[in-house]
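FYI, the numbering for the sequence shown is 1 to 218, going by the UniProt record's numbering. Beta carbons: idealized from backbone N, C-alpha and C, even for Gly. The model shown is predicted, which means the values in this text are computed figures rather than measured ones. Remarks on the structure that follows.
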Amino acid sequence: MDVRVGLLVLLVLAGNWVSDARDIEASKVSGVDMDVCTLCEEYVTVALDYLNDDKTHDEVLEALHKSCSQMRNLAEQCTTVVDRYAEMFFTDISSVQPLGFCKTIGLCRKATVSSLPAKRTKCEICHQAVDEMLEKLKDPDTELGIIESLLKACNAVGDKYKSKCKKMVFEFGPVLLVDAGSFVEKLDICTTFHACPRNQAETKEVFPKGMIEMVTSS
Numbered sequence: 001m002d003v004r005v006g007l008l009v010l011l012v013l014a015g016n017w018v019s020d021a022r023d024i025e026a027s028k029v030s031g032v033d034m035d036v037c038t039l040c041e042e043y044v045t046v047a048l049d050y051l052n053d054d055k056t057h058d059e060v061l062e063a064l065h066k067s068c069s070q071m072r073n074l075a076e077q078c079t080t081v082v083d084r085y086a087e088m089f090f091t092d093i094s095s096v097q098p099l100g101f102c103k104t105i106g107l108c109r110k111a112t113v114s115s116l117p118a119k120r121t122k123c124e125i126c127h128q129a130v131d132e133m134l135e136k137l138k139d140p141d142t143e144l145g146i147i148e149s150l151l152k153a154c155n156a157v158g159d160k161y162k163s164k165c166k167k168m169v170f171e172f173g174p175v176l177l178v179d180a181g182s183f184v185e186k187l188d189i190c191t192t193f194h195a196c197p198r199n200q201a202e203t204k205e206v207f208p209k210g211m212i213e214m215v216t217s218s
């Protein structure tokens with residue numbers, strides 16, 4: 001898959017998951033929302049294993065350098081930014097602990113007494129997550145939020161490259177978001193991320209909106 005689009009898809013899914021999962025009311029199991037917390041820890045572990053793999057580092061850097069080479073007069077500056085911050089990103093990722101991360105984003109915490117819908121398979125959860133992500137990618141507010149986050153990130157690259165960074169966000173951000181939506185629609189992400197077995201890839205369930213967890217699987 002195209003690593004640039006794949007990473008963007010994962011980021012959007014993660015943001016969608018965190019936002020909606022915080023709103024899920026959970027049954028009281030030893031005072032902890034075990035379903036959401038356990039799934040979070042499982043999937044974060046898988047994601048970290050992927051991001052900490054040396055092969056992944058090489059693929060990401062290669063994709064970013066390729067993108068930079070297509071930016072004409074900004075290619076050199078873009079490559080400098082990538083080389084400077086990519087390794088810092090991977091170093092930070094290597095220190096993340098799954099349970100600590102899930103606690104930080106509020107998915108492993110004391111839960112209120114309520115009732116959960118019937119337990120669903122990871123495949124069902126994945127299909128729902130993808131459906132809701134596609135809907136959100138079509139929402140102008142979602143696109144605006146992602147663009148705003150990227151612009152804030154540009155503030156960290158220093159005064160020399162800040163304006164050029166923001167220019168690249170405005171120029172290429174909307175295009176990548178459109179590509180991400182098309183990419184998700186064409187690719188069976190749930191099978192690719194091993195959330196669904198091959199023989200269940202075509203099975204899709206419909207669930208009430210707003211109930212979302214995560215998409216990747218161990």
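Exposed unless 16 or more other CB atoms sit within 10 angstroms - verdict on residue i
i    : result
E124 : buried
E132 : buried
P197 : exposed
K209 : Annotation note: pLDDT 36 at K209 (below 50); position unreliable, coordinate value reported separately. Exposed, since its Cβ has fewer than 16 Cβ neighbours within 10 Å.
Other residues of its chain near residue i: CB distance less than 6 Å, five sequence neighbours each side excluded
i    : result
I93  : L51
D53  : none
H57  : F90
L64  : V82
T203 : In this predicted model, T203 has a pLDDT of only 38, less than 50, meaning its place in the structure is not dependable enough to derive any value.
Contact under 8 Å by Cβ, residue i with residue j
i           : j    : result
Y98         : V36  : The amino acid occupying residue 98 in the given sequence is Pro; Tyr does not appear at that position. Contact flag unset, no.
M168        : L61  : no
residue 219 : C190 : One cannot answer for residue 219 here, as it falls past the ends of the chain, which runs 1 to 218.
L39         : V96  : no
Nonlocal neighbours in the same chain, by C-beta distance under 8 Å from residue i, ignoring five residues either side
i    : result
E41  : P98, L99, C102 and C108
P174 : E143 and I147
Own chain residues within Cβ distance below 7 Å of residue i, not counting five before or after
i    : result
F170 : none
D159 : none
Task: Sufficient close CB pairs (3 or more, under 8 Å) joining the segment 146-166 to the segment 55-73 - done: no
TODO: Run through the UniProt domain "Saposin B-type" (33-112) for me and flag every whole alpha helix (DSSP H) of 4 or more residues, listed as ranges in chain order.
DONE: 34-51, 54-69, 75-94 and 98-104
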